[in-house]
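Each remark here refers to the structure printed beneath this line.
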Amino acid sequence: MARFIYSVLLLCFASATAEEEVLSRVKRIIGGSIATRGQWPWLVSLHGKFISERIPILGIPIAFRHKFCGGSVLNDRWILTAAHCFDGPEGHISNRWEARLAATSLRNNFLDTLRNILSHIVDREDWRTWEIDIDRIVIHPRYNASDYWANDIALVRLEEPVPSGPHFSRISSINLPNYANFSFPAVGTHCTMKGWGCTSGGGLVSNHAHSVVLPVFDSASCSILRRASNNHNRICAGFDNSNRGICPGDSGGPLSCLNERGEWLQVGVASFASVHRPGDYPGVFTRVSSYVNWIHSVIYR
Numbered sequence: 034m035a036r037f038i039y040s041v042l043l044l045c046f047a048s049a050t051a052e053e054e055v056l057s058r059v060k061r062i063i064g065g066s067i068a069t070r071g072q073w074p075w076l077v078s079l080h081g082k083f084i085s086e087r088i089p090i091l092g093i094p095i096a097f098r099h100k101f102c103g104g105s106v107l108n109d110r111w112i113l114t115a116a117h118c119f120d121g122p123e124g125h126i127s128n129r130w131e132a133r134l135a136a137t138s139l140r141n142n143f144l145d146t147l148r149n150i151l152s153h154i155v156d157r158e159d160w161r162t163w164e165i166d167i168d169r170i171v172i173h174p175r176y177n178a179s180d181y182w183a184n185d186i187a188l189v190r191l192e193e194p195v196p197s198g199p200h201f202s203r204i205s206s207i208n209l210p211n212y213a214n215f216s217f218p219a220v221g222t223h224c225t226m227k228g229w230g231c232t233s234g235g236g237l238v239s240n241h242a243h244s245v246v247l248p249v250f251d252s253a254s255c256s257i258l259r260r261a262s263n264n265h266n267r268i269c270a271g272f273d274n275s276n277r278g279i280c281p282g283d284s285g286g287p288l289s290c291l292n293e294r295g296e297w298l299q300v301g302v303a304s305f306a307s308v309h310r311p312g313d314y315p316g317v318f319t320r321v322s323s324y325v326n327w328i329h330s331v332i333y334r
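Residue numbers (our numbering): 34 to 334.
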């Protein structure tokens with residue numbers, strides 16, 4: 034196996050053995066197509082803003098660092114994402130984060146701003162972009178960053194509910210698979226990953242959401258999982274040497290597949306991929322079906 038060092042997306046790094054190649058938390062989508070507004074109504078962008086510098090003595094903030102992760106809408110108050118998004122100093126503090134819904138841009142552009150203004154004037158809620166603060170972050174109790182980010186899954190609660198119903202088609206929830214359903218998706222199934230990650234290896238986070246179709250790998254054939262524990266709780270999806278896949282901003286984003294009834298099910302949460310050649314190795318996703326009971330115990334209690 035080529036020489037790897039594993040690293041967490043969002044600036045969190047961890048060392049592996051000398052026989053391993055460098056890997057990174059996935060942040061961006063390589064080789065994908067631009068998502069259109071309303072195409073993936075469950076897609077969410079999470080934005081963390083943290084003070085990095087203050088004026089001495091006065092303590093007034095003068096500089097900030099930013100983190101971006103993807104997520105998916107489960108219901109009117111809860112978002113599903115990756116636990117590693119909240120690693121690092123103050124990363125777990127909920128009031129440092131906000132969620133952006135019903136938008137494909139990472140930040141408001143002129144058109145988004147204009148739509149928001151007009152939505153109130155002409156009563157078009159479907160033109161609105163929703164930016165809502167987060168009031169609670171729930172990390173899976175067995176999340177372990179030092180064990181190749183085992184149980185890399187988390188839930189965040191919105192400070193206020195998001196709109197739902199026929200007039201709010203740009204925001205809707207994603208379906209979840211049945212608990213412990215390890216037969217779906219089958220190896221070779223083509224699923225879709227969505228997020229704001231890079232569009233080329235080594236590129237910056239994209240300002241527009243992209244989507245890419247990825248085939249599911251047999252975990253035994255996915256070499257980047259060779260030393261990871263709990264492989265049955267992960268899904269590997271992507272290509273070898275095709276310049277398509279996920280890379281560091283896609284973190285926490287949904288991997289979704291169509292079932293036999295033509296319904297989208299979220300089967301994975303983006304966790305990590307190769308740091309130097311993210312488009313040439315399959316990405317690793319937390320398998321959602323392993324955690325459905327835990328998800329329900331949090332959002333419905």
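Glycine is no exception: its CB is placed at the ideal position from the N, C-alpha and C atoms.
Who are the near neighbours of residue i in its chain, counting only those whose CB is closer than 6 Å to its CB and skipping five residues on each side?
i	result
C102	L79, T114, C118, S284, G285
H223	V246, P248
N292	L298
D166	E131, E192
F272	none
R133	S78, E164
N208	E296, L298
S127	I167, D168, R169, I170
Span of the beta strand (DSSP E) holding residue i?
i	result
H243	243-250
L107	Premise fails: L107 is in no beta strand (DSSP E) and is neither H nor E.
P218	Counting along the chain, P218 falls outside any beta strand (DSSP E), and DSSP gives it neither H nor E.
G92	Taken as a continuous stretch (DSSP letters only), G92 belongs to no beta strand (DSSP E), as it is neither H nor E.
L209	From DSSP, L209 is part of no beta strand (DSSP E); its letter is neither H nor E.
S289	287-291
G316	316-320
R267	267-270
Mind checking residue i: buried by the 16 CB within 10 Å criterion, or exposed?
i	result
K82	exposed
V220	exposed
V300	buried
D185	buried
Y324	buried
V321	buried
V155	exposed
N326	exposed
S216	exposed
H329	exposed
H243	buried
V147	It is Leu, not Val, that sits at residue 147 in the sequence shown. Exposed.
R267	buried
R294	exposed
P210	buried
L91	exposed
P174	exposed
R169	exposed
Report whether the distance from the Cβ of residue i to the nearest heavy atom of the ligand COA is below 7 Å.
i	result
H223	Absence of the ligand COA from the depicted structure is noted, as is the absence of any ligand whatsoever, leaving it without description.
If I follow the unbroken alpha helix (DSSP H) through residue i, where does it start and stop?
i	result
H329	325-332
Beta-carbon within less than 8 Å of residue i's beta-carbon, same chain only, minus the 5 sequence neighbours each way: which residues are those?
i	result
V331	W111, V171, L188
I95	E86, R87, I88
S304	R58, V59, A115, H117, W182, D185, R267, S284, G316, V317, F318, T319
A270	C224, M226, L247, P248, V249, F250, L288, G301, P315, G316, F318
H125	F119, I170, I172
I93	R87
R129	G81, K82, F83, E123
P218	C224, V249, I268, C290, V300
Residues in the same chain with beta-carbon distance under 7 Å from residue i, minus the five sequence neighbours each way, listed in chain order, please.
i	result
Y333	none
S206	W75, V106, L107, N108
N214	S322
Y212	S322, V325, N326
Taking only beta-carbon atoms, is residue i less than 8 Å away from chain C?
i	result
D283	No chain C is part of this structure, which consists of one protein chain only.
*Whole runs of the beta strand (DSSP E) within the segment 119-195, excluding any shorter than 3 residues*: 130-134, 163-172, 187-191
*asked:* Would you call the segment 170-184 in contact with the segment 116-130, where contact means no fewer than 3 C-beta pairs closer than 8 Å?
replied: yes
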